[in-house]
Amino acid sequence: MFQMPNSLRILSFIALTTSIAHSQATPTEPEKAVLPPQEKKANEGQGGKFMKEDKGNKEAAADKTEGAKDEKSKEDTSADKSEKKTQTEHSLTLNGQKIDFTATAGLLSLKDGEGKVTADIFYIAYTKKGVADPANRPLTFSFNGGPGSSSVWMHLGLLGPKRVKLRDDGFAVPPPYQLVENEFSLLDETDLVFIDPVGTGYSRASKPEEAKNFFGVNEDARSIGEFIRLYITKNTRWPSPKFLIGESYGTTRAAALSGELLRTHRMNLNGIMLVSTVLNFQTIWGSEGNDLPFVLYLPSFTATAWYHQKLPADLQKKPLAEVLQESEKFTSGDYNEALLLGASLPAQQRAAVVKQMARFTGLSETFVAASDLRVSLSRFNAELLRDQRLVTGRFDSRYTSYMRDRLGNEAERDPSADAVFSAFASTFNHYVRHDLKFEDDRPYNILGGVGKWNWDAENQFANVSEILAESMTANPFLKVHVSNGFYDMATPYYAARYTFSHLNIHPELMKNITQDDYTAGHMMYLNLPDLKKQKEDLAKFIRAASQK
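For the sequence shown, the UniProt record's numbering assigns the number 1 to the initial residue and increments by one for each residue that follows.
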């Protein structure tokens, strides 16, 4: 749900109108996450080291010194005035219990070591009223992906007191759009803070030419980490159980933040919730010499073909879970071996793999063979329903839209992104003004607003899983919850399985990781039955991780 830099071919929940990436090596995430080019890497992966400090990483606490207070610059004064916020009172009924809460919408200023404001970050916070001891009340910070997405998706889709009204299966409804009370909000379990990174929402750098200082894996983690420190300090929440929840690239951010918060602020978290996970971009970015994504995508192809009734009759009549078990067995066995052997694969063995691959993808043997056993995501989306002149979705492969170019070999756009973008944009722009009373004439950047992203390494894949592993080792009480959508073709569930099975942590720490699966896509919560299940799963996780 966002827009990406041109050099990255824009992968966001944002750029809902952009074309789908030409291959797994160049995915495009119209709403939620820009995935890095294969030659970039989210962190240096230095054998378990937390993200490196650079010159600009002065302890933000310096802005609290008396000198900084006494020598406020014009920029400070102006930004302090812009650090506006509104507070409104609301109530919500959850499980028969009335929840009274305060909603705060505002800007919080980040400052450098000299006390000069560098950026204003927009946030919306929901705080339950009548809590005797905030130390016993969990606090969750939420953000989406991109890079370049605002926090609107989980805010108005999963966690907040209101949600966008769609069909129960998550499919689109015609405009005008509306919000309804979210009976599955997590406000009964935790206070919530939704953060818009610099460049998204109403968040802006103080000087446009310095916005680039916030656009990067480490840069982004530092700014959001400083926001979290400021928020809990200003609101007296240091004693509270603290959680992060991120979606898509937001899961990358959450893993990076686990290290940033611990290293810079000595802040241990109780839990991290990862929705549609990508920690290691090598698992989803296909390229010359990297066959891993082709292996990890195949079970998602199977799920999609099963949903659209394209598998052989014997598979089609079985439950999805059983079909996926068979697909995973083939994928990790014969298919993986075939790609490993490459050009040395014997012809007879190759023919057998072609046959099985066609069986588990719904594609023809001719197409599979012509693809050299390597079917890219965009080509799969264009080919599966070609006979109906339809393309399948990337964020949610249950969605389809009409194919304009009958001979096209790649999907022209993402129907699952097209289906929801306008509904979220329209309802949020009304909600923030009408319900939260926050007025700002600037465009609210639902998606987009960021420039070239610094993946912080050359000729490597972005991989922050090492940071998460180090954080879990340093803080053995840290719990991790992973939400996977079977129809998510942006961050396939089998790639998440692979990442966590290769996390390289002690077996006892592996017990701190919980994974739950859902029969929907990247935003599995748009499917009402999965929203109910996800609420139950996350509530259970928060309660367990908050225990003292």
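For each residue, glycine too, the CB sits at the ideal point set by N, CA and C.
Next on the checklist: By the three-class DSSP mapping on this structure, what secondary structure does Ala-172 have?
Outcome noted: coil
Next on the checklist: Please return the same chain residues whose Cβ sits closer than 7 Å to the Cβ of Ala-105, not counting the five positions on each side in sequence.
Outcome noted: Lys-85, Thr-86, Ile-124, Val-432, Leu-436 and Phe-438
Item to check | Ile-272 versus Glu-466: straight-line alpha-carbon distance, rounded | outcome: Between the alpha carbons of Ile-272 and Glu-466 lies a distance of about 15 Å.
Checklist entry - Excluding sequence positions up to five away, which residues of its chain have a Cβ less than 6 Å from the Cβ of Ile-121? => result Leu-108, Ser-203 and Phe-227
Checklist entry - Measuring CA to CA, which of His-155, Gly-448 and Tyr-399 is closest to Phe-215? => result Gly-448
Item to check | Complete runs of the alpha helix (DSSP H) confined to the region 481 to 545 [at least 4 residues] | outcome: 493 to 501 and 507 to 510
Next on the checklist: Quick check on DSSP: helix, strand or coil for Asp-387?
Outcome noted: Correct three-state label for Asp-387: helix.
Next on the checklist: I need the DSSP call for Arg-404, collapsed to helix, strand or coil.
Outcome noted: coil
Item to check | CB contact flag (Trp-306, Pro-293, <8 Å) | outcome: no
Item to check | Length of the line joining the Cα atoms of Leu-187 and Leu-279 | outcome: 28 Å
Item to check | Whole-Å CB distance - Ser-142 paired with Val-193, under 8 Å assumed | outcome: 7 Å
Next on the checklist: With H, G and I counted as helix, E and B as strand and the rest as coil, what does DSSP make of residue 563?
Outcome noted: Within the shown structure, residues of the chain are numbered from 1 to 548, placing residue 563 beyond reach of any answer.
Next on the checklist: For Phe-421, report the span of its alpha helix (DSSP H) as first-last.
Outcome noted: Looking at the DSSP string, the run of the alpha helix (DSSP H) that includes Phe-421 is 415 to 434.
Checklist entry - If we count the other Cβ atoms within 10 Å of its Cβ and call it buried at 16 or more, is Ala-370 buried or exposed? => result Burial call: exposed.
Checklist entry - Going straight from the alpha carbon of Pro-147 to that of Gln-348, what length do you get? => result 45 Å
Checklist entry - Val-180 bridges to which residues according to DSSP? => result Arg-163
Checklist entry - Leaving out five residues before and five after Pro-239 in sequence, what residues of the same chain have Cβ atoms less than 6 Å from its Cβ? => result Ala-135
Checklist entry - From Phe-500 to Met-510, what distance separates their C-alpha atoms? => result 9 Å
Item to check | Backbone CA spacing between Glu-412 and His-155 [nearest angstrom] | outcome: 29 Å
Checklist entry - Between Leu-390 and the rest of its own chain, which residues show a CB-CB distance below 8 Å, the 5 nearest in sequence each way excluded? => result Thr-400, Ser-401, Tyr-402 and Met-403
Next on the checklist: Distance check for Pro-241 and Asp-530, CA to CA, integer angstroms please.
Outcome noted: 26 Å
Checklist entry - Exposed or buried, Pro-492, counting other C-beta atoms within 10 Å across all chains shown (16 or more means buried)? => result buried
Checklist entry - Contact check, Leu-139 vs Arg-237 under 8 Å by CB: the rounded distance? => result 5 Å
Item to check | Minimum C-alpha distance to Leu-503 - residue among Gly-157, Ser-471, Asp-112 and Leu-407 | outcome: Ser-471
Checklist entry - When the distance is taken between beta carbons, is Asn-270 closer than 8 Å to Leu-262? => result no
Next on the checklist: Our contact map puts Val-275 next to Glu-247 with C-beta atoms below 8 Å; I'd like the distance itself, whole angstroms only.
Outcome noted: 4 Å
Checklist entry - CA-CA distance, His-90 and Leu-468? => result When rounded, the distance between both Cα atoms is 36 Å.
Checklist entry - Quick one, are the C-beta atoms of Asn-144 and Lys-162 less than 8 Å apart? => result no
Item to check | Nearest to Glu-365 (by Cα), restricted to the options Lys-318, Asn-429 and Pro-312 | outcome: Pro-312
Next on the checklist: One question on the structure: do Ser-416 and Tyr-177 come within less than 8 Å of each other, judged by their Cβ atoms?
Outcome noted: no
Checklist entry - So what's Tyr-126 in DSSP terms, helix, strand or just coil? => result strand
Next on the checklist: Within a Cβ cutoff of 6 Å, which residues of the same chain sit near Ser-78, ignoring the five residues on either side of it in sequence?
Outcome noted: Summary for Ser-78: the model assigns pLDDT 38, below 50, so the residue's position carries little reliability; its value from the coordinates is reported in the next sentence. Listed in chain order, the non-local C-beta contacts of Ser-78 below 6 Å within the same chain number zero, local neighbours out to five positions each way being set aside.
Item to check | From Leu-377, Ser-378 and Val-354, residue whose alpha carbon lies closest to that of Phe-367 | outcome: Of the candidates Leu-377, Ser-378 and Val-354, the one whose C-alpha sits nearest the C-alpha of Phe-367 is Val-354.
Checklist entry - Just curious, the beta strand (DSSP E) that Gln-87 is in, first and last residue? => result 85 to 94
Checklist entry - By how many angstroms is the C-alpha of Leu-159 removed from the C-alpha of Pro-319? => result 30 Å
Checklist entry - Which one or two residues does DSSP pair with Val-193 in a beta bridge? => result Ala-125 and Phe-141
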